[in-house]
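For the sequence shown, my numbering begins at 1 and goes up steadily by one. Here is the structure we will look at.
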Amino acid sequence: CSLIGAEYHCWCEGQYFWPCEKCTLYGPCDDVTNTSCGCINALPNDGHFCQPANELTYNSTCPPNPVP
């Protein structure tokens, strides 16, 4: 994770992603797919980190990004 301005941006690398719940909770800083995002706007305080793509939970989907 990197501190950018006043907030953290936490990126995942390679085939690792944040699950939808984290994208929704912390806000994504990149594109959200149905089940994941690659970057969130915070440093998670619950000890969770990026997950391999094949271990993401597919039982919930992220809402689409709102159009400004």
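Built from N, CA and C at the ideal position, the CB exists for glycine as well. A quick note: this is a predicted structure, and the numbers were derived from the prediction, not measured.
Query	Result
Residue 43 versus 6, 10, 4 and 5, residue with shortest Cα-Cα distance	10
Identity of the residue in 31, 48 and 41 nearest residue 6 by Cα	41
Residue 3 classed as buried or exposed, judged by whether at least 16 other C-beta atoms fall within 10 angstroms	exposed
Beta-carbon spacing of residue 46, residue 39 below 8 Å	no
Delimiting residues of the alpha helix (DSSP H) encompassing residue 20	20-26
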